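Participant: Before I ask anything, here is the structure I am working with.
There are 2 protein chains.
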Amino acid sequence: MPKTPVWRAIAATLMDEIASGHYRPGDKLPTEAELSTRFGVNRHTVRRALAELGTLGLTHARRGAGVFVLSEPTDYRIGKRVRFHQNLTEAGRLPAKRILTLQTRPSDKDEAEALALPPGASVHVYEGLSLADGTPVALFRSVFPAQPFPNLLADLQFHQSVTKALAAAGIEDYTRASTRLTAKTATATQALQLGISEGAPILRTVAINHDTTGRPIEYGHTWFVGDRITLVVAD
Amino acid sequence: MPKTPVWRAIAATLMDEIASGHYRPGDKLPTEAELSTRFGVNRHTVRRALAELGTLGLTHARRGAGVFVLSEPTDYRIGKRVRFHQNLTEAGRLPAKRILTLQTRPSDKDEAEALALPPGASVHVYEGLSLADGTPVALFRSVFPAQPFPNLLADLQFHQSVTKALAAAGIEDYTRASTRLTAKTATATQALQLGISEGAPILRTVAINHDTTGRPIEYGHTWFVGDRITLVVAD
DNA sequence: GGAAATTTGTGCGTATGTATC
DNA sequence: CGATACATACGCACAAATTTC
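As they're listed, the protein sequences go chains A and B.
All residue numbers for the first sequence refer to numbering that gives the first Met the number 0, where the first residue is 0 and numbers rise by one.
All residue numbers for the second sequence refer to numbering that gives the first Met the number 0, where the first residue is 0 and numbers rise by one.
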């Protein structure tokens, strides 16, 4: 069993308390001295936990004043390794997915090109809704080549996780090759599914993921609710 | 003048040495003990600097083995993420800029915090319009601390380039600390300036740029017309 | 307005644990 | 196995910014 450092346990506790609403956006956390007493550790150990919350964008420290819980919208970090579940977990929110459709069908022109497949080759398509704390924050559609992953749809249904389903198919790791971003306004269908008004701002990302050999394995679109999500590109 | 912490100066030095190719991707950095001796500081101070490189994704530490350089030097200096930045604010592919306002005024709360200035400290503000083929594609506002750059407004007016104006003020190099992206809809004022309808989708980016000592020197917003621009983040 | 108390930030020193070589 | 190297944790002191009185 991996031993968990004390500072990590403290960070997890504080993240839980933020996620549960015990500390709300704008609230001041207890002082480092108070947290030291509460957890029975040195102030530096508390500071290590608070540093973690800070780099995750969950809190912000002001010298002389205190450490404050940041307000929404939630930052969603974008970079070489993007995992929706992991990101929102780190941000102290409860992630969930709802499957809308799972199907296998012939690829269209864009999909075949993005995945380097022959025109019309069979692909698996996974469409769903991402929620944080019960609120929809994004719609997504992931397209995978069907031939190398015969059982992917069943794995996706079971795990509800792209990472785990790909792992079951033997893909240990994958990285994002590119991300394109633009702004849109919500269509009527999107607005209904996301619980927003038609015409509300939407941040659309289009990404291609590669396995470690450089073979494209996922062509994904995500439509984020602009008012609920901020993407962060960390340099 | 803001005093730079020792660990930040050490982090900047190591980043320079990585960027210059003195340490190449895959290389092992000197041990913490060696770096402590070299810089004449405690090992914890070196660790604070290395922690910064780690969270920036430049290095990766392996317990018992060492600290290893991850990124290509080009990724840091002229690499993809920084090119992304240059495309945003430097108009690398945008043929024209139109200056809307150049002024010096007291900073608001957000600006002072982003630039690590005392509340209300004086800042230079550069607002303008970016055009491609005569069509407006983005509005931008860049905010700089006024005190270190007395002639910045004149330099901006002359060069119409942030990089060149900062170079004239003695800033040889600067890097983007973070970029945040979200979707908005155009306000009436923005719609008028950009030649679009009120409520049209807007991609907003917010970025903070640091000089090589880690001091924030630019706080920039850009509002892209969603229908006319797609941003690309290449990893 | 100013002094004092509070609170986070930086830095040093020490000791011990754990993974790698 | 021993030596090396990073990780964790405690303690102390002072600096810098804010808040309180």
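A virtual CB, placed ideally from N, CA and C, is assigned to each residue, including glycine.
Since this is a predicted model, take the numbers as computed values, not measurements.
1) Does the beta carbon of isoleucine 236/A sit closer than 8 Å to a beta carbon anywhere in chain B?
2) Which of the residues in the segment 183 to 198 of chain B, read from start to end, lie with their CB under 8 Å from any CB of chain A?
3) Okay, do the segment 101 to 121 of chain A and the segment 195 to 202 of chain A touch, 3+ Cβ pairs below 8 Å being the bar?
4) Secondary structure at aspartate 74/B, three-state DSSP: helix, strand or coil?
5) In terms of alpha-carbon separation, which member of Ser121/A, Glu33/A and Leu28/A lies closest to phenylalanine 143/A?
6) Within its chain, find whatever has a CB closer than 6 Å to the CB of histidine 158/A; leave out the 5 residues flanking it on each side and keep chain order.
7) If you count every other CB in all the chains shown that lies within 10 Å of the CB of isoleucine 98/B, and 16 or more means buried, which is it?
8) Which whole-angstrom value is the C-beta distance of leucine 138/B and glutamine 102/B, which I expect to be below 8 Å?
9) In chain order, what residues of the segment 47 to 70 of chain A put their CB closer than 7 Å to some CB of chain B?
10) Counting only C-beta atoms, is threonine 134/A closer than 8 Å to chain B at any point?
11) First and last residue of the beta strand (DSSP E) that includes serine 141/A?
12) According to DSSP, is phenylalanine 148/A part of a helix, a strand, or is it coil?
13) DSSP on alanine 164/A, reduced to helix/strand/coil?
14) Rounded to a whole number of angstroms, what is the C-alpha to C-alpha distance between glycine 194/A and threonine 188/A?
15) Determine whether the Cβ of glycine 225/A lies closer than 8 Å to any Cβ atom of chain B.
16) Hey, would you say valine 224/A sits closer than 8 Å to valine 136/A, going by beta carbons?
17) Do threonine 134/A and arginine 23/A have their C-beta atoms within less than 8 Å of each other?
18) Does glycine 20/A pass the burial test, meaning 16 or more other C-beta atoms within 10 Å, or should it be called exposed?
19) So histidine 43/A is in the alpha helix (DSSP H); what residue range does that whole segment cover?
20) Measuring only between beta-carbons, confirm whether glycine 30/A sits less than 8 Å from chain B.
21) For serine 129/B and lysine 96/B, which I take to be in contact (beta-carbon distance under 8 Å), what is that distance rounded to the nearest angstrom?
22) By the criterion of Cβ-Cβ separation under 8 Å, what are the contact partners of threonine 44/B in chain A?
23) Among all the DSSP beta bridges, which residues are the ones paired with glutamine 189/A?
24) Please determine, among Arg104/B, His43/B and Ala60/B, the residue with the shortest C-alpha to C-alpha distance to lysine 27/B.
25) Regarding aspartate 107/B and the ligand SAM, is the C-beta to nearest heavy atom distance less than 7 Å?
26) Listing by chain order, which chain B residues have their CB less than 7 Å from the CB of threonine 12/A?
27) What first and last residue would you give for the alpha helix (DSSP H) that runs through glutamate 112/A?
28) Using a Cβ cut-off of 7 Å, pull out every chain A residue sitting near leucine 138/B, in sequence order please.
29) Give the DSSP-derived three-state secondary structure of threonine 181/B in the structure shown.
30) If I measure Cβ to Cβ from valine 5/A and keep anything under 8 Å in the same chain, skipping five residues before and after, which residues do I get?
31) Is the shortest distance between the beta-carbon of leucine 180/B and the beta-carbons of chain A less than 8 Å?
Facilitator: The answer reads as follows:
1) Past the boundaries of the shown model lies residue 236/A; chain A is included only from 0 to 234, so the question cannot be answered.
2) Lys183, Thr184 and Gly198
3) no
4) For the purposes of this step, residue 74/B is taken as the residue at position 75 of the second sequence. With a pLDDT of 28 at aspartate 74/B, under the threshold of 50, the predicted position of this residue should be treated as unreliable, though the coordinate-derived value follows. Aspartate 74/B: helix per DSSP, three-state reduction.
5) In the first sequence, residue 143/A corresponds to position 144, counting from 1. The option with the nearest alpha carbon to phenylalanine 143/A is Ser121/A.
6) Within the first sequence, numbered from 1, the residue matching residue 158/A stands at position 159. Once the five neighbours on either side are set aside, the close Cβ partners of histidine 158/A are Ala164.
7) The residue you call residue 98/B lines up with position 99 of the second sequence. With fewer than 16 other Cβ atoms within 10 Å, it is exposed.
8) In the second sequence, counting from the first residue as 1, residue 138/B sits at position 139. In the second sequence, counting from the first residue as 1, residue 102/B sits at position 103. With a Cβ gap of about 16 Å, leucine 138/B and glutamine 102/B do not count as contacting.
9) Thr54
10) The residue you call residue 134/A lines up with position 135 of the first sequence. With 8 Å as the cut-off, threonine 134/A does not count as an interface residue toward chain B.
11) By 1-based counting over the first sequence, the position of residue 141/A is 142. It spans 134 to 144 - the beta strand (DSSP E) in which serine 141/A sits, taken as one unbroken run.
12) For this step, residue 148/A is matched to residue 149 along the first sequence. The answer is coil: DSSP assigns phenylalanine 148/A none of H, G, I, E or B.
13) In the first sequence, residue 164/A corresponds to position 165, counting from 1. DSSP places alanine 164/A in helix when its eight states are reduced to three.
14) Numbered from its first residue, the first sequence carries residue 194/A at position 195. Numbered from its first residue, the first sequence carries residue 188/A at position 189. Approximately 10 Å, taken between the alpha carbons.
15) For the purposes of this step, residue 225/A is taken as residue 226 along the first sequence, with counting starting at 1. So yes, glycine 225/A belongs to the interface.
16) Taking the first sequence and counting its residues from 1, one reaches residue 224/A at position 225. Taking the first sequence and counting its residues from 1, one reaches residue 136/A at position 137. Taking 8 Å as the Cβ cut-off, valine 224/A and valine 136/A qualify as a contacting pair.
17) By one-based count along the first sequence, residue 134/A stands at place 135. By one-based count along the first sequence, residue 23/A stands at place 24. Contact flag unset, no.
18) Here the question's residue 20/A lines up with position 21 in the first sequence. Burial call: exposed.
19) Taking the first residue of the first sequence as position 1, residue 43/A is located at position 44. 42 to 54 is the span of the alpha helix (DSSP H), which, as asked, contains histidine 43/A.
20) Taking the first residue of the first sequence as position 1, residue 30/A is located at position 31. One point to set straight first is that residue 30/A is threonine, not glycine, in the sequence displayed. Not closer than 8 Å to any Cβ of chain B, the Cβ of threonine 30/A fails to qualify, so no.
21) On the second sequence, position 130 is the one that residue 129/B refers to. On the second sequence, position 97 is the one that residue 96/B refers to. So it is a contact: roughly 6 Å between Cβ atoms.
22) Within the second sequence, numbered from 1, the residue matching residue 44/B stands at position 45. In chain order: nothing, as chain A lies at least about 14 Å away.
23) Taking the first residue of the first sequence as position 1, residue 189/A is located at position 190. DSSP lists no partner for glutamine 189/A.
24) Here residue 27/B refers to the residue found at position 28 of the second sequence. Per the Cα distances, Ala60/B.
25) Looking at this structure, you won't find the ligand SAM or any other ligand, since it has none at all.
26) Residue 12/A sits at position 13 when you count from the first residue of the first sequence. The premise fails here: threonine 12/A is roughly 21 Å from chain B at the closest Cβ pair, so nothing lies under 7 Å.
27) Within the first sequence, numbered from 1, the residue matching residue 112/A stands at position 113. Taken as a continuous stretch (DSSP letters only), the alpha helix (DSSP H) holding glutamate 112/A covers 108 to 113.
28) As a working note, residue 138/B is residue 139 in the second sequence. Those within 7 Å of leucine 138/B in chain A number zero; the least Cβ separation is about 13 Å.
29) In the second sequence, the residue the question calls residue 181/B occupies position 182. Three-state DSSP puts threonine 181/B in a strand.
30) As a first step, residue 5/A is located in the first sequence; it is residue number 6 there, counting from the start. These residues qualify, in order along the chain: Phe38, Val40 and Thr44.
31) Counted from its first residue, the second sequence places residue 180/B at position 181. With 8 Å as the cut-off, leucine 180/B counts as an interface residue toward chain A.
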